[in-house]
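J.:
Numbering (the working numbering), first residue to last: 31 to 173.
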């Protein structure tokens, strides 16, 4: 794994490159030190469709995938320790916040949703259920 980035930086990069618009605009780079560092490390190229948008190149995809895999496996481990592999959504968001020392709960919520939506790549799915008595909960299920 590329150790040039903290897990906190990796979370920011995953959300920046893997969610719409799938990259960073030239005008955003100065506001995002981790994106600037990632770009300078040679992990990006300009989009064919928009020359002002930095997108992942093949090396960048590999680098971010390593972080996504690490985060996913740590989350699966966390969920496996929960009773019946179930956990309230707000506790999941809090776990991401504390585990990766994230700036705010919005960022924690975004990365938790992103990771949950990709667990099928690691042999799991996540079910989101809601009841008026116990609120929203995630349940980890082996595929």
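Glycine included, every Cβ here is placed at the ideal spot set by N, Cα and C.
1. Using the rule of at least 16 other Cβ atoms within 10 Å of the residue's Cβ for burial, across every protein chain shown, is residue 138 buried or exposed?
2. Is the Cβ-Cβ distance between residue 118 and residue 167 less than 8 Å?
3. List the endpoints of the continuous beta strand (DSSP E) containing residue 59.
4. For residue 72, which of helix, strand or coil comes out of DSSP?
5. So, do the stretch 130 to 148 and the stretch 52 to 65 have three or more beta carbon pairs nearer to each other than 8 Å?
6. Are there 16 or more other CB atoms within 10 angstroms of the CB of residue 46, so buried, or fewer, so exposed?
7. Which two residues bound the contiguous beta strand (DSSP E) that contains residue 160?
T.: This is what the structure gives:
1. Per the 10 Å Cβ criterion, buried.
2. Yes.
3. Here residue 59 belongs to no beta strand (DSSP E), and DSSP marks it neither H nor E.
4. In the structure shown, residue 72 sits in coil (DSSP, three-state: anything other than H, G, I, E or B).
5. With a cut-off of 8 Å, the stretch 52 to 65 and the stretch 130 to 148 do not count as touching, because too few Cβ pairs lie within range.
6. With 16 or more Cβ atoms within 10 Å of its Cβ, residue 46 is classed as buried.
7. Element bounds for residue 160: 154 to 161.
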